[in-house]
Ligand SMILES: Nc1ncnc2c1ncn2[C@@H]1O[C@H](COP(=O)(O)OP(=O)(O)O)[C@@H](O)[C@H]1O
Ligand SMILES: [Mg+2]
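Numbering (the working numbering), first residue to last: 684 to 978.
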């Protein structure tokens with residue numbers, strides 16, 4: 684009886700499976716310290732709250748995303764017997780095709796999302812992989828091997844450069860999300876980033892969409908923050924999200940506890956802000972409702 688019921692539920696879930704494939708979002712800005720990694724973790728957690736199945740991929744050899752999720756031992760202990768295993772099953776191994784990307788997926792049960800970790804060896808891999816034919820397609824090819832219905836959203840946390848790893852992210856992504864710190868020299872580099880995106884669109888990936896700019900670390904009490912947001916809206920008009928991410932102590936603290944803002948301060952204003960942003964991005968990009976949402 685129980686079995687029948689669960690079969691029925693499974694088939695109901697299956698029939699409401701509207702996803703043919705995952706949607707891949709690249710969080711990219713070649714400037715360091717603009718809030719990419721923090722935003723990637725928090726948005727991943729925000730999308731989990733909305734019912735999406737999310738995979739986070741750390742593409743930065745500095746591995747801040749991996750460190751801030753794994754140092755707290757928040758990775759499922761049954762899967763990751765030790766941190767050693769994580770150092771073997773990384774995005775580097777997947778890009779080198781020594782491991783399948785599926786083998787490199789770790790669950791982060793506290794957050795409800797999955798993670799492909801990174802470490803410093805990715806830096807050497809980036810150099811080695813320059814020699815490969817089709818070197819910009821390595822990540823796309825690796826992700827293409829994932830079962831199409833395993834994740835609804837894949838979030839790529841890019842390194843602070845526009846080298847081969849970022850190019851791989853742009854080729855693998857459906858959409859580009861550009862976090863911009865509301866600070867002095869914020870717009871520096873944006874022209875170059877847009878040129879690279881446009882070259883990728885022309886030569887490698889015509890469907891790549893780049894229409895979301897997110898102001899981060901905003902302090903509206905300062906004139907500078909307000910001016911940067913005004914300039915962003917002037918140049919990028921409705922690409923700039925209405926929801927801006929404010930600078931908040933709790934957001935900066937959360938990673939040191941290995942937590943997203945939803946775990947660290949669920950009811951606080953920062954979590955609400957991320958929830959609003961996640962919703963706004965879904966609407967802006969026309970991302971379908973979570974695949975397994977019933978009713
Ligand atoms: N909304 C925020 N409020 C306060 N501090 C933030 C916020 N977003 C990021 N930070 C802090 O700024 C620093 C850089 O953020 P990070 O996400 O690592 O940037 P990136 O990935 O672009 O290098 C980190 O110390 C992080 O804790
Ligand atoms: Mg980062």
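Cβ atoms here follow ideal geometry from the backbone N, Cα and C, with glycine treated the same way.
Close beta carbons around residue 821, own chain, < 6 Å, minus the five adjacent residues each side:
778 and 851
Where does the unbroken alpha helix (DSSP H) through residue 908 begin, and where does it stop?
906–919
I need the boundaries of the beta strand (DSSP E) containing residue 881, first residue and last residue.
Here residue 881 belongs to no beta strand (DSSP E); instead the alpha helix (DSSP H) covers 873–886.
When the Cβ atoms of the segment 934–951 are set against those of the segment 724–738, are three or more pairs found closer than 8 Å?
yes
Buried versus exposed, by CB contacts within 10 Å (16 or more), residue 964:
buried
Residue from 785, 874 and 896 whose Cα sits closest to the Cα of residue 858:
896
Measuring alpha carbon to alpha carbon, tell me which of 802, 739, 793 and 747 ends up nearest residue 768.
802
For residue 931, collect the residues of the same chain with a Cβ closer than 7 Å to its Cβ; drop the 5 residues on either side in sequence, then sort them by chain order.
953
Just to confirm, are residue 806 and residue 744 a CB contact at a threshold of 8 Å?
yes
Let me make sure I understand the geometry here. Which of 905, 884 and 708 has the alpha-carbon closest to that of residue 835?
708
Return yes when the C-beta of residue 733 is under 7 Å from any heavy atom of ligand 1, and no when it is not.
no
Ligand 2 and residue 705: does the residue's C-beta get closer than 7 Å to at least one heavy atom of that ligand?
Judged by the Cβ position, residue 705 fails to qualify as a neighbour of ligand 2 at the 7 Å threshold, every heavy atom of the ligand being at least this far.
For the alpha helix (DSSP H) containing residue 952, list its first residue and its last residue.
952–968
Starting from residue 727, trace the beta strand (DSSP E) both ways and give me its first and last residue.
Run containing residue 727: none in the beta strand (DSSP E); it sits in the alpha helix (DSSP H), 719–732.
Among all the DSSP beta bridges, which residues are the ones paired with residue 796?
Looking at the DSSP assignment, residue 796 forms a beta bridge with 791.
Ordered along the chain, which non-local residues of its own chain (more than five positions away) have a Cβ less than 8 Å from that of residue 811?
779
Tell whether a beta-carbon distance below 8 Å holds between residue 987 and residue 936.
Any question about residue 987 goes unanswered here, given that the chain covers just 684 to 978.
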